[in-house]
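Novice: What follows is a structure written as structure tokens; I'll ask about it next.
There are 2 protein chains.
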Amino acid sequence: MSKGLPKRSEDYSAWYNELVKRADLAENSSVRGCMVIKPYGYSIWEKMQAALDKMFKDTGHTNAYFPIFVPKSLFEAEEKNAEGFAKECAVVTHYRLKSNPDKKGKLMVDPEARLEEELIIRPTSEAIIWSTYKNWVQSYRDLPLLINQWANVVRWEMRTRLFLRTAEFLWQEGHTAHATAAEAVAETKQMLDVYATFAEEFIALPVIRGVKTPNERFAGAEDTYCIEALMQDGKALQAGTSHFLGQNFAKAFDVQFAGKDGKLEYVWGTSWGVSTRLMGALIMAHSDDEGLVLPPKLAPIQVVIVPVFRNEDQLNAVSEKIQPLMKELRERGISVKFDTRDTQSPGWKFAEYELKGVPVRLAVGPRDLENNTVEVARRDTKEKKVYNLDNLAGQIEALLADIQQSIYHKALSFRSANTTSVEDYATFKEVLDGKGGFISAHWDGTAETEEKIKEETKATIRCIPLDAIEEEGRCMYSGKPSGRRVIFARAY
Amino acid sequence: MSKGLPKRSEDYSAWYNELVKRADLAENSSVRGCMVIKPYGYSIWEKMQAALDKMFKDTGHTNAYFPIFVPKSLFEAEEKNAEGFAKECAVVTHYRLKSNPDKKGKLMVDPEARLEEELIIRPTSEAIIWSTYKNWVQSYRDLPLLINQWANVVRWEMRTRLFLRTAEFLWQEGHTAHATAAEAVAETKQMLDVYATFAEEFIALPVIRGVKTPNERFAGAEDTYCIEALMQDGKALQAGTSHFLGQNFAKAFDVQFAGKDGKLEYVWGTSWGVSTRLMGALIMAHSDDEGLVLPPKLAPIQVVIVPVFRNEDQLNAVSEKIQPLMKELRERGISVKFDTRDTQSPGWKFAEYELKGVPVRLAVGPRDLENNTVEVARRDTKEKKVYNLDNLAGQIEALLADIQQSIYHKALSFRSANTTSVEDYATFKEVLDGKGGFISAHWDGTAETEEKIKEETKATIRCIPLDAIEEEGRCMYSGKPSGRRVIFARAY
Numbered sequence: 001m002s003k004g005l006p007k008r009s010e011d012y013s014a015w016y017n018e019l020v021k022r023a024d025l026a027e028n029s030s031v032r033g034c035m036v037i038k039p040y041g042y043s044i045w046e047k048m049q050a051a052l053d054k055m056f057k058d059t060g061h062t063n064a065y066f067p068i069f070v071p072k073s074l075f076e077a078e079e080k081n082a083e084g085f086a087k088e089c090a091v092v093t094h095y096r097l098k099s100n101p102d103k104k105g106k107l108m109v110d111p112e113a114r115l116e117e118e119l120i121i122r123p124t125s126e127a128i129i130w131s132t133y134k135n136w137v138q139s140y141r142d143l144p145l146l147i148n149q150w151a152n153v154v155r156w157e158m159r160t161r162l163f164l165r166t167a168e169f170l171w172q173e174g175h176t177a178h179a180t181a182a183e184a185v186a187e188t189k190q191m192l193d194v195y196a197t198f199a200e201e202f203i204a205l206p207v208i209r210g211v212k213t214p215n216e217r218f219a220g221a222e223d224t225y226c227i228e229a230l231m232q233d234g235k236a237l238q239a240g241t242s243h244f245l246g247q248n249f250a251k252a253f254d255v256q257f258a259g260k261d262g263k264l265e266y267v268w269g270t271s272w273g274v275s276t277r278l279m280g281a282l283i284m285a286h287s288d289d290e291g292l293v294l295p296p297k298l299a300p301i302q303v304v305i306v307p308v309f310r311n312e313d314q315l316n317a318v319s320e321k322i323q324p325l326m327k328e329l330r331e332r333g334i335s336v337k338f339d340t341r342d343t344q345s346p347g348w349k350f351a352e353y354e355l356k357g358v359p360v361r362l363a364v365g366p367r368d369l370e371n372n373t374v375e376v377a378r379r380d381t382k383e384k385k386v387y388n389l390d391n392l393a394g395q396i397e398a399l400l401a402d403i404q405q406s407i408y409h410k411a412l413s414f415r416s417a418n419t420t421s422v423e424d425y426a427t428f429k430e431v432l433d434g435k436g437g438f439i440s441a442h443w444d445g446t447a448e449t450e451e452k453i454k455e456e457t458k459a460t461i462r463c464i465p466l467d468a469i470e471e472e473g474r475c476m477y478s479g480k481p482s483g484r485r486v487i488f489a490r491a492y
Numbered sequence: 001m002s003k004g005l006p007k008r009s010e011d012y013s014a015w016y017n018e019l020v021k022r023a024d025l026a027e028n029s030s031v032r033g034c035m036v037i038k039p040y041g042y043s044i045w046e047k048m049q050a051a052l053d054k055m056f057k058d059t060g061h062t063n064a065y066f067p068i069f070v071p072k073s074l075f076e077a078e079e080k081n082a083e084g085f086a087k088e089c090a091v092v093t094h095y096r097l098k099s100n101p102d103k104k105g106k107l108m109v110d111p112e113a114r115l116e117e118e119l120i121i122r123p124t125s126e127a128i129i130w131s132t133y134k135n136w137v138q139s140y141r142d143l144p145l146l147i148n149q150w151a152n153v154v155r156w157e158m159r160t161r162l163f164l165r166t167a168e169f170l171w172q173e174g175h176t177a178h179a180t181a182a183e184a185v186a187e188t189k190q191m192l193d194v195y196a197t198f199a200e201e202f203i204a205l206p207v208i209r210g211v212k213t214p215n216e217r218f219a220g221a222e223d224t225y226c227i228e229a230l231m232q233d234g235k236a237l238q239a240g241t242s243h244f245l246g247q248n249f250a251k252a253f254d255v256q257f258a259g260k261d262g263k264l265e266y267v268w269g270t271s272w273g274v275s276t277r278l279m280g281a282l283i284m285a286h287s288d289d290e291g292l293v294l295p296p297k298l299a300p301i302q303v304v305i306v307p308v309f310r311n312e313d314q315l316n317a318v319s320e321k322i323q324p325l326m327k328e329l330r331e332r333g334i335s336v337k338f339d340t341r342d343t344q345s346p347g348w349k350f351a352e353y354e355l356k357g358v359p360v361r362l363a364v365g366p367r368d369l370e371n372n373t374v375e376v377a378r379r380d381t382k383e384k385k386v387y388n389l390d391n392l393a394g395q396i397e398a399l400l401a402d403i404q405q406s407i408y409h410k411a412l413s414f415r416s417a418n419t420t421s422v423e424d425y426a427t428f429k430e431v432l433d434g435k436g437g438f439i440s441a442h443w444d445g446t447a448e449t450e451e452k453i454k455e456e457t458k459a460t461i462r463c464i465p466l467d468a469i470e471e472e473g474r475c476m477y478s479g480k481p482s483g484r485r486v487i488f489a490r491a492y
């Protein structure tokens, strides 16, 4: 197959868009800003879901489901949250269609079926969930509530990009309620750790754990924690957020509990989410000009076996030879595809699986049968090596583990090489326009400076890293004193 | 705990509603007709999803995701389908809110943010999916497409009931495309079999496999196959449907493929779905006046262990004694809860787990410790028996399998006892108003007769059973000849 992907070095954005489509991950739909997640893309998302869901359950959470609709009066109850999302809300105003008397066979919205109160399609579910929690919480015995929801949400974005920013997207949103601020903060941080661990161990994506500036906080939160990753074009991508909500939603929805002393207090809340945006991070972090590079832990097909044959007898011989290996790989929990199609050449298949990011490819031909060998190619380095077929399963399992580690370390090296400490604003702008990446710099802590830098350079403060060292310095912009460095970048 | 559920014999409907709420399965939300699926209810739904998803994948299907929105012009393309759902459509007309100048802190729909074309929230996804398939199918090599989607859908129903009929519900919808009618019909029947197998083996619910009359067909289908179950109040419940769509959607969305001979032909389609309605079936099929009775295969907690203790030493002694059993049960894949709360009495806990339908309850007290015994109670029959603790895990595993079988057979006996063959309309009405249940009768095959019977008795033809025997008879209503019996019932 001819791939003809644009090159990253020439047009990173076109490369991304084409790759998402050509690798059968997703495509634009006929609905503005909404994507279709295609089977191959969805199967990666399912693997992400399974891993995350297990981590949520291992930390004591259970799943539930709340309505997609939020009545306007509930939506506006927490004012900051409502204000933050108002401009992106899809609104249901009617509940019926009828035949259009002027156009045979066509329908129109029935003007008589207007809702008394408009329904907002959830851009996030705090409002509907906290209005429910009100009835679930009476006493300290009802706390904590540790609930997660897998759902679709809608944010009417003006400029959309497959996976990275779409009007409808899939996500999970955790919503927890606690008796004390300390417990809620601990939960917020715990879930940030879950996200960071998932990003690093599954997506093989190194992330910075940090806290957002007040400007960049989730609307309605007291503190927003985040994980920030660096893409190959030097732009940052926020990969997950975890919010400490204080008592804001409890107050907006009057969620109080009687403590052990019988005194009524407002509940403390958190919320945290990751979305199909992680697919964008996965794609951009590792892939190359030949196509996807998938971390083995999230690859729907981990090993593909391509037989090289001229006739059915040869195919049968390869097939017979390869059966014990396939069986053993599957027993080890490794997903294997044996591509026996005779409508495509081996070369075409090699290119196809390269495009689709299958971590390990085996090729077996007539000469291999004679020699009891197989050619093993790894997708990440494109290294090829001939192995003896005996005891191969264990070696392939080790190879998959090595690839997982290796692409993580490659991404980590890339990030190190593209993280720059700067002391002055001129250098800052130079680095930003030159190599890009994360820039570690001193900032005076004011929203004013933050906004000016954003206006002038389009760079934002991605986060104040949790492991930032206390260090006396001067703000690169205002010269005012600063106690620690923050991370700047242009971002997705 | 005091349960005070209404009795089934006195008010079946109130019993159902209260049970759903008291057993923490679901509750009504502040959005008209939409429910909140609570954690315990959702964990049962997750088990259903996992089992069904595996069955779909084992039959060659993959998951994908399509937009929740359907532009009106696409929605109306398949006219029968559009007409069938038009009256239940939630419609998005605007994409932004703004501050209300007249009410501080309140929002209003921004009249300037009106969509050019209204978006329908999917009541079912044929339209959006077939408009996508158009681009996926060129040649016979692209067929079949075997795709499933797990999603939420919205149908604006006027009278709603938790799980059975809600404005928003969760479901899966399979949408497949084939080169021949025969292949599509085979797929339709295969998926009906998958549903029937799931209902019988997991929900322990016997079902009749049948085909709907033209009147009761899915809007836009050529044939609708269904599984029909009988509830304890003698009403029928349609538990799943599988539709042969013919070329209707292919023609509406111009989905053609080049056959091996190069000739263009329209694709043949199917769609099939089950929803959170299955939760209603599960609840109504087996539960009793004390609460839920869950089939072990779908129970979130299969075994609960309630320690009987007066002080911490006794609890510790029970705990130590019971550890090896818990470990062994878990190794066998059995989910176990050990309820050590000292805030509730054992009696309260017994009632609670009865309400929640936990299939097997163990109670262990000081005397049991002396005797190396444990009291085992099964939820379905309420039978209690004292067992020796040694080698208990295997016996409990067998007990769970026995309960699964036993509640299936109980439901099957109930259905047999409540299926009546009738020959004349007077008896039909008598049975319908008396014992209810399934009524097997001859029908002349006309929509006219079907509608009159429905008008006069509220009974509908649930299906023409696939295993109906060819049998000369006379329609109980019109006296006209009939070749086979059909199943009538009043239905949910």
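Protein chains in written order, with the numbering used here: chain W, 1 to 492; chain P, 1 to 492. Backbone N, C-alpha and C define an ideal beta-carbon position, used for all residues, glycine too. Note that the coordinates shown come from a computational prediction; the quantities given were computed from them, not determined experimentally.
Given a threshold of 16 other Cβ atoms within 10 Å of its Cβ, counted over all protein chains shown, does P:Q395 qualify as buried or as exposed?
Specialist: As a working mapping, residue 395 of chain P is identified with position 395 in the second sequence. Classification for P:Q395: exposed.
Novice: Can you grab the Cα-Cα spacing for the pair P:G280 / P:K104, in whole Å?
Specialist: If you number the second sequence from 1, residue 280 of chain P lands on position 280. If you number the second sequence from 1, residue 104 of chain P lands on position 104. Roughly 44 Å between the two C-alpha positions.
Novice: So, P:V154 versus P:L119, is the Cβ gap smaller than 9 Å?
Specialist: Taking the second sequence and counting its residues from 1, the one referred to as residue 154 of chain P is at position 154. Taking the second sequence and counting its residues from 1, the one referred to as residue 119 of chain P is at position 119. No. Outside cutoff.
Novice: Buried or exposed for P:I469, please, with buried defined as at least 16 other CB atoms from any protein chain shown within 10 angstroms of its CB.
Specialist: For the purposes of this step, residue 469 of chain P is taken as residue 469 along the second sequence, with counting starting at 1. Classification of P:I469: exposed, given that the 10 Å Cβ count is below 16.
Novice: So who's on the other strand from W:D223, going by DSSP bridges?
Specialist: Position 223 of the first sequence holds residue 223 of chain W. In DSSP, W:D223 forms a bridge with W:F244.
Novice: At the 9 Å Cβ level, is P:A398 part of the contact set with chain W, yes or no?
Specialist: As a first step, residue 398 of chain P is located in the second sequence; it is residue number 398 there, counting from the start. Not one chain W Cβ lies under 9 Å of P:A398.
Novice: Note down, in chain order, each residue of its chain lying with its Cβ closer than 6 Å to the Cβ of W:G41, except the 5 sequence neighbours on either side.
Specialist: On the first sequence, residue 41 of chain W is found 41 positions in, with the first residue counted as 1. So the qualifying residues of the chain are L25 and A26.
Novice: Hey, does P:Y65 have any beta-carbon neighbour from chain W nearer than 9 Å?
Specialist: If you number the second sequence from 1, residue 65 of chain P lands on position 65. It does; some Cβ of chain W falls within 9 Å.
Novice: Run through DSSP, which three-state label would W:E396 get?
Specialist: The sequence position of residue 396 of chain W within the first sequence is 396, counting from 1. Going by the sequence as given, residue 396 of chain W is Ile instead of Glu. W:I396: helix per DSSP, three-state reduction.
Novice: Go ahead and label P:H409 buried or exposed: buried means 16 or more other beta carbons lie within 10 angstroms of its beta carbon, across all protein chains shown.
Specialist: What you label residue 409 of chain P is simply residue 409 of the second sequence in a count that begins at 1. By the 10 Å Cβ count, P:H409 comes out exposed.
Novice: With a floor of 3 residues, list each beta strand (DSSP E) that falls wholly inside the stretch 334 to 409 of chain P, ordered by position along the chain.
Specialist: Here the runs fully enclosed are 336 to 338, 360 to 364, 373 to 378 and 384 to 388.
Novice: What does W:I68 touch in chain P if you count any residue whose Cβ is under 9 Å from its own?
Specialist: Working through the first sequence from its first residue, we reach residue 68 of chain W at position 68. Those are V31, C34, I68, I121, N152, V154 and E168, listed as they occur along chain P.
Novice: Please classify P:S416: is it buried, with 16 or more other beta-carbons within 10 angstroms of its beta-carbon, or exposed?
Specialist: For this step, residue 416 of chain P is matched to residue 416 along the second sequence. Exposed, by the Cβ-count rule.
Novice: CB-CB under 8 Å to P:V422, same chain, minus the five flanking residues each way: which ones, in chain order?
Specialist: Stepping through the second sequence from its first residue, residue 422 of chain P is reached at position 422. Counting only Cβ-Cβ distances below 8 Å, and skipping sequence neighbours, we find F428, V431, I439, S440, A441 and M476.
Novice: Does DSSP put P:G479 in a helix, in a strand, or in coil?
Specialist: In the second sequence, residue 479 of chain P corresponds to position 479, counting from 1. Of the three classes helix, strand and coil, the one that applies to P:G479 here is coil, per DSSP.
Novice: Given a cut-off of 9 Å on the beta-carbon distance, is the pair P:V293 and P:Q172 in contact?
Specialist: Sequence index remark: in the second sequence, residue 293 of chain P carries index 293 (1-based). Sequence index remark: in the second sequence, residue 172 of chain P carries index 172 (1-based). No; because the gap between Cβ atoms is not below 9 Å, this pair is not in contact.
Novice: State yes or no: is the C-beta of P:E168 nearer than 8 Å to some heavy atom of the ligand MN?
Specialist: What this structure holds is no ligand at all, so the ligand MN is not there to describe.
Novice: Name the residues in the stretch 467 to 486 of chain P whose C-beta lies less than 7 Å from a C-beta of chain W; which are they?
Specialist: The stretch 467 to 486 of chain P vs chain W, Cβ under 7 Å: nothing.
Novice: Taking the alpha-carbon positions, what's the P:Q495 to P:A258 distance?
Specialist: For chain P, the structure presents residues 1 to 492; residue 495 of chain P sits outside this window and is missing.
Novice: Where do the ends of the beta strand (DSSP E) carrying P:I128 lie?
Specialist: As a position in the second sequence, residue 128 of chain P is number 128, starting the count at 1. No beta strand (DSSP E) contains P:I128, which is instead part of the alpha helix (DSSP H) from E126 to W136.
Novice: Under DSSP, the beta strand (DSSP E) around W:Q256 begins and ends at which residues?
Specialist: Counting from 1 along the first sequence, the entry for residue 256 of chain W is found at position 256. Q256 to A258 is the span of the beta strand (DSSP E), which, as asked, contains W:Q256.
Novice: Thinking C-beta only, is W:V267 closer than 9 Å to W:L362?
Specialist: As a first step, residue 362 of chain W must be located in the first sequence, where it is residue number 362. As a first step, residue 267 of chain W must be located in the first sequence, where it is residue number 267. Not closer than 9 Å, so no.
Novice: Looking at the C-beta of W:G105, does it have a partner C-beta in chain P at a distance below 9 Å?
Specialist: Position 105 of the first sequence, counting from 1, holds the residue named residue 105 of chain W. By this cut-off, W:G105 is an interface position.
Novice: How about W:V386 and W:V374: are their beta carbons less than 9 Å apart?
Specialist: For the purposes of this step, residue 386 of chain W is taken as the residue at position 386 of the first sequence. For the purposes of this step, residue 374 of chain W is taken as the residue at position 374 of the first sequence. In this structure, W:V374 lies closer than 9 Å to W:V386 by Cβ.
Novice: Using only the alpha-carbon positions, how far apart do P:P206 and W:Q49 sit?
Specialist: Here the question's residue 206 of chain P lines up with position 206 in the second sequence. Here the question's residue 49 of chain W lines up with position 49 in the first sequence. Distance between the alpha carbons of P:P206 and W:Q49: 33 Å.
Novice: If we count Cβ pairs, one from each stretch, closer than 8 Å, do we get three or more for the stretch 311 to 319 of chain P versus the stretch 243 to 252 of chain P?
Specialist: In short, these stretches do not touch, since the Cβ pair count stays below three.
Novice: Step through the CB atoms of chain W and report whether any lies within less than 9 Å of the CB of P:T160.
Specialist: Taking the first residue of the second sequence as position 1, residue 160 of chain P is located at position 160. Not an interface residue.
Novice: Starting from W:Y195 and walking both ways along the alpha helix (DSSP H), at which residues does that stretch end?
Specialist: The count along the first sequence starts at 1 and reaches residue 195 of chain W at position 195. Unbroken alpha helix (DSSP H) run through W:Y195: A181 to E201.
Novice: In angstroms with no decimal places, state the Cα-to-Cα distance between P:E456 and W:T276.
Specialist: By one-based count along the second sequence, residue 456 of chain P stands at place 456. By one-based count along the first sequence, residue 276 of chain W stands at place 276. Their backbone Cα atoms lie some 52 Å apart in a straight line.
Novice: Reducing DSSP to helix, strand and coil, say where W:S29 ends up.
Specialist: As a working note, residue 29 of chain W is residue 29 in the first sequence. It is coil, neither helix nor strand.
Novice: Is there a C-beta anywhere in chain W that falls below 9 Å from the one on P:R22?
Specialist: Translated into positions along the second sequence, residue 22 of chain P becomes position 22. It does not: the Cβ of P:R22 has no partner Cβ on chain W nearer than 9 Å.
Novice: Identify the contact partners of W:A82 in chain P, using a Cβ-Cβ distance below 7 Å as the criterion.
Specialist: For the purposes of this step, residue 82 of chain W is taken as the residue at position 82 of the first sequence. Correct list: L107.
Novice: Looking at C-alpha atoms only, which residue of W:S131, W:N388 and W:F56 is the closest neighbour of W:N148?
Specialist: Residue mapping note: residue 148 of chain W aligns to position 148 of the first sequence, counting from 1. For W:N148, the nearest C-alpha among the options comes from W:F56.
Novice: Are the stretch 88 to 104 of chain W and the stretch 76 to 88 of chain P touching by the rule of at least three beta carbon pairs closer than 8 Å?
Specialist: With the cut-off at 8 Å, the stretch 88 to 104 of chain W and the stretch 76 to 88 of chain P touch.
Novice: For the alpha helix (DSSP H) that W:P39 lies in, which residues bound it at each end?
Specialist: Start at 1 with the first residue of the first sequence, and residue 39 of chain W comes out as number 39. Taken as a continuous stretch (DSSP letters only), the alpha helix (DSSP H) holding W:P39 covers P39 to D58.
Novice: Exposed or buried, what is P:N81 when buried is set at 16 or more other beta-carbons lying within 10 Å of its beta-carbon?
Specialist: In the second sequence, counting from the first residue as 1, residue 81 of chain P sits at position 81. Buried.
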